[in-house]
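J.:
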Amino acid sequence: MAELPRDDARLWYETAGDGHSIVFVHGGWMNGDAWASQVSHFADDYRVVTLDVRGHGRTGATATDRYSIELFTDDLEALLDHLAIDEPILCGISLGSMVVQEFLDRHPDRAAGAIMAGAVQSMPPVDLPSGLKAGLSPMPMLSTSLAMTGPKTTFRSMLGSIRSTTGKPWLAHSPEVREAAIDCVDDVSRSEFRKVFDALYRYEPPALPHVETPTLVVHGEHEAPLVKRQGREIATAIDDGTWLTIDEAAHLVNQDRPRAFNAASATFFEGLALA
1 MAELPRDDAR
11 LWYETAGDGH
21 SIVFVHGGWM
31 NGDAWASQVS
41 HFADDYRVVT
51 LDVRGHGRTG
61 ATATDRYSIE
71 LFTDDLEALL
81 DHLAIDEPIL
91 CGISLGSMVV
101 QEFLDRHPDR
111 AAGAIMAGAV
121 QSMPPVDLPS
131 GLKAGLSPMP
141 MLSTSLAMTG
151 PKTTFRSMLG
161 SIRSTTGKPW
171 LAHSPEVREA
181 AIDCVDDVSR
191 SEFRKVFDAL
201 YRYEPPALPH
211 VETPTLVVHG
221 EHEAPLVKRQ
231 GREIATAIDD
241 GTWLTIDEAA
251 HLVNQDRPRA
261 FNAASATFFE
271 GLALA
């Protein structure tokens, strides 16, 4: 465990193993422990790096008034520079997949490879003009919910609204994984929850046809259909992009089916041209 000072933040990160570096970026309101099954599996052959994105986990709250995916990506770049990682394999889920997209847009050929799990381009996962999206902002309602019920109950209500459109438990296929993820939200303060939501909602995804990085996009069988659609669009936009579905899994595909996810990841890694 270590910390990287960043202006008003101290980014928590952890490394394990030796070899080519795989850097894992977790989803919204989670933390680096979400990758535990991947860390234990790949640390024998790779150098694995996990971090807690600002506002999350052991990094915790910062004085920054407004978060953005761009800021989270700045933090990732700083960590890579700090650890002298030149050609990382990036692996992000959900919010983390947005960070990976932003990084690839900035550095089309810097990463050796990228995996985006539960990959999504926007929240909500639909194409809305930025002006319309700003006018429809759910932030006032979110702030009221956070003030009255707190982050955990607010998160549950968000999941419920998505489930009402899919008819399925969208977050995770496994009840144990789902409840553990919801419990994790308890560690996030009201103000940090709001700032993370705002970052997700305001993000405008980049066009990716110029990206040269081999990329694997992974979704669970029970992922929300609109998220799946965006994942296919990401895989199609990237010249060397591939799309994969894992059975009996939902949004948190790496935790629902860790063995299947690790096997698919290992096969992908073996096909990369690693220095």
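Going by the UniProt record's numbering, the sequence shown opens with residue 1, and the numbers climb by one from there.
For every residue, glycine included, the Cβ atom is placed at its ideal position computed from N, Cα and C.
Predicted, not measured: the structure shown is a model, and the values here were computed from it.
Could you give the first and the last residue of the continuous alpha helix (DSSP H) run that contains Glu70?
T.: Its alpha helix (DSSP H) spans residues Ile69 to His82.
J.: Rounded C-beta distance between Gly113 and Phe269? I'm assuming under 8 Å.
T.: Confirmed, Cβ separation roughly 7 Å.
J.: If we ignore side chains and look at the alpha-carbon of each, how far apart do Phe155 and Ile182 end up?
T.: Roughly 7 Å between the two C-alpha positions.
J.: Among Glu70, His26 and Pro258, which one has its Cα closest to the Cα of Gly57?
T.: That would be His26, whose Cα lies nearest to the Cα of Gly57.
J.: Where does the unbroken beta strand (DSSP E) through Ile22 begin, and where does it stop?
T.: Its beta strand (DSSP E) spans residues Ser21 to Val25.
J.: Helix, strand or coil: which one does DSSP assign to Glu3?
T.: Here Glu3 sits in strand by DSSP.
J.: If contacts are defined as beta-carbon pairs under 8 Å, then Ala207 and Ala237 qualify, I think. What distance do you get, rounded to the angstrom?
T.: Indeed they touch by this definition, with Cβ atoms about 7 Å apart.
J.: Hey, Ser191 and Ala9: beta-carbon distance below 8 Å or not?
T.: Taking 8 Å as the Cβ cut-off, Ser191 and Ala9 do not qualify as a contacting pair.
J.: Based on Cα-Cα distance, which residue from Ala199, Trp35 and Val253 lies nearest to Ser137?
T.: Minimum Cα distance to Ser137 is reached at Ala199.
J.: Assess contact between the stretch 77 to 85 and the stretch 209 to 221, defined as three or more Cβ pairs (one per stretch) separated by less than 8 Å. Is contact present?
T.: No, the stretch 77 to 85 does not touch the stretch 209 to 221.
J.: Between the alpha carbons of Gln101 and Ala147, how many angstroms are there, rounded?
T.: So the alpha carbons of these two residues sit roughly 32 Å apart.
J.: Whose C-beta lies closer than 6 Å to the C-beta of Met123 among residues of the same chain, with five residues either side of it excluded?
T.: So the qualifying residues of the chain are Leu200 and Tyr201.
J.: May I have the straight-line CA-CA distance separating Ser164 from Ile85, to the nearest angstrom?
T.: Confidence at Ser164 is low in this model, with a pLDDT of 47, below 50, so the placement of that residue is unreliable and no value is reported for it.
J.: Taking only three categories from DSSP, how would you classify Val217?
T.: Three-state DSSP puts Val217 in a strand.
J.: So is Asp127 buried or exposed if we call it buried at 16+ other beta carbons inside 10 Å?
T.: Classification for Asp127: exposed.
J.: Use the C-beta contact count for residue 282: other C-beta atoms within 10 angstroms, 16 or more gives buried, fewer gives exposed.
T.: The question about residue 282 has no answer, for the chain in this structure spans 1 to 275.
J.: Alpha carbon to alpha carbon, what distance is there between Glu70 and Val49?
T.: Computed Cα separation, rounded: 20 Å.
J.: Over the uninterrupted alpha helix (DSSP H) stretch that includes Glu176, give me the two end residues.
T.: Where Glu176 is concerned, the enclosing alpha helix (DSSP H) stretches over Pro175 to Cys184.
J.: What are the partner residues of Arg47, as DSSP defines its beta bridges?
T.: For Arg47, which the question treats as bridged, DSSP gives the partners Ser21.
J.: Considering only C-alpha positions, which residue in the set Val120, Val53, Gly160 and Gly92 is nearest to Glu3?
T.: Answer by Cα proximity: Val53.
J.: Check whether the stretch 239 to 250 and the stretch 84 to 98 are in contact - that is, three or more C-beta pairs closer than 8 Å.
T.: Counting Cβ pairs under 8 Å, fewer than three are found: no touch.
J.: Following the continuous beta strand (DSSP E) through Met116, name the residue where it begins and the one where it ends.
T.: Segment Gly113 to Ala117, the beta strand (DSSP E) holding Met116.
J.: Pop quiz: Gly118 and Val253 are said to be a contact at Cβ under 8 Å. What is the actual Cβ separation, rounded to whole angstroms?
T.: With a Cβ gap of about 6 Å, Gly118 and Val253 count as contacting.
J.: Can you find the residues in the same chain that come closer than 7 Å, C-beta to C-beta, to Ser189, ignoring five residues on each side of it along the sequence?
T.: Excluding positions up to five away in sequence, the list reads Ala61.
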